[in-house]
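Following full-length UniProt numbering, the numbering of the sequence shown begins with 1 at its first residue and continues without gaps.
Backbone N, C-alpha and C define an ideal beta-carbon position, used for all residues, glycine too.
Computed from a prediction, not measured in an experiment: that's the story for all the values here.
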Amino acid sequence: MTEYTASTPRRSTRLNSRDPSNSKVPIAAESVSTGAKAKESEEVINVGNLVPDLTLLNQDETPVNLPELIKSRGLVIFAYPRASTPGCTKQGCGFRDNYPQIQAADYEVFGVSFDSCKSQKSFQTKQNFPYDLLSDPEGVLIERLGAKKPDGKLFRSHWIFEKGSGKCLVKEIDISPLDSVDKAFQVITGSIV
1 MTEYTASTPR RSTRLNSRDP SNSKVPIAAE SVSTGAKAKE SEEVINVGNL VPDLTLLNQD
61 ETPVNLPELI KSRGLVIFAY PRASTPGCTK QGCGFRDNYP QIQAADYEVF GVSFDSCKSQ
121 KSFQTKQNFP YDLLSDPEGV LIERLGAKKP DGKLFRSHWI FEKGSGKCLV KEIDISPLDS
181 VDKAFQVITG SIV
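This is the structure in structure tokens:
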């Protein structure tokens, strides 16, 4: 029998009989050696956080680095479930129709979905979108922005990032196509639609 002193923590007989070297408790990967920077890169972006340092391909398979974009203009990113579907077309066309005013307010627009570059190109061409569509088939950006559903699909959403600093000013998750456009436009232009 084990003797305990006031400074020795008590353990149940069941736990006391276990060999600690056979413990099956998993160790979190980030606690081993990846450090805070790796853990930070996996966190969901919220209002006040910086734009993720990610590069995705646009509809023309050209790499687009998000922090580079922020240096010269504010950034609106909108996420849509699937290219060329009715709700996604409404959302995309809303941003298209307001694009001149959005640019006049010193912002650039980007759409993002799980779709391939080829699907994005077809969608952009068919709807005459003046802005780029980003392909995120693995959902890396979509997940970082907090728009990935537990079932692997995505919430229709939008985010607004500040010019220069890259700070997230607005995060709207699970929003209707028209509300997405109206609310983003209102924030960017400081007006009510």
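How is residue i classed by DSSP in three states: helix, strand or coil?
| i | result |
| --- | --- |
| aspartate 151 | coil |
| glutamate 108 | strand |
| isoleucine 188 | helix |
| arginine 11 | For arginine 11, the predicted model reports a pLDDT of 44, less than 50, meaning its position is unreliable; a value from the coordinates is still stated below. Three-state DSSP puts arginine 11 in coil, outside helix and strand. |
State the Cα-Cα distance for the pair residue i and residue j, rounded to the nearest angstrom.
| i | j | result |
| --- | --- | --- |
| residue 218 | threonine 189 | For the chain, the structure presents residues 1 to 193; residue 218 sits outside this window and is missing. |
| phenylalanine 114 | aspartate 151 | 14 Å |
| glutamine 103 | lysine 183 | 16 Å |
| glutamate 42 | alanine 147 | 14 Å |
| valine 112 | isoleucine 142 | 8 Å |
| lysine 24 | proline 67 | For lysine 24, the pLDDT reaches just 34, beneath the cut-off of 50, and the residue's location in the model is therefore unreliable, leaving the point undetermined. |
| glycine 94 | valine 44 | 27 Å |
| serine 180 | phenylalanine 123 | 19 Å |
| valine 140 | glutamine 101 | 30 Å |
| leucine 69 | proline 52 | 11 Å |
Hey, would you say residue i sits closer than 8 Å to residue j, going by beta carbons?
| i | j | result |
| --- | --- | --- |
| leucine 57 | serine 176 | no |
| glycine 166 | leucine 54 | no |
| glycine 48 | glutamate 162 | no |
| lysine 149 | asparagine 46 | no |
| glutamine 186 | lysine 121 | no |
| leucine 178 | lysine 90 | yes |
| serine 116 | proline 86 | no |
| valine 76 | valine 109 | yes |
| lysine 126 | serine 157 | no |
| glycine 92 | phenylalanine 129 | yes |
| residue 256 | isoleucine 160 | Nothing about residue 256 can be reported from this structure: the residues present for the chain run from 1 to 193 only. |
| tyrosine 107 | tyrosine 131 | no |
Please check the pair residue i and residue j, which I expect to be a contact at CB under 8 Å, by giving their CB distance rounded to whole angstroms.
| i | j | result |
| --- | --- | --- |
| leucine 145 | alanine 79 | 7 Å |
| cysteine 88 | arginine 82 | 6 Å |
Inset, instruction - Please list the segments of the alpha helix (DSSP H) lying wholly inside the UniProt domain "Thioredoxin" (45 to 165), counting only runs of 4 or more residues, in order along the chain. - result: 66 to 70, 86 to 97, 99 to 104, 117 to 127 and 140 to 144
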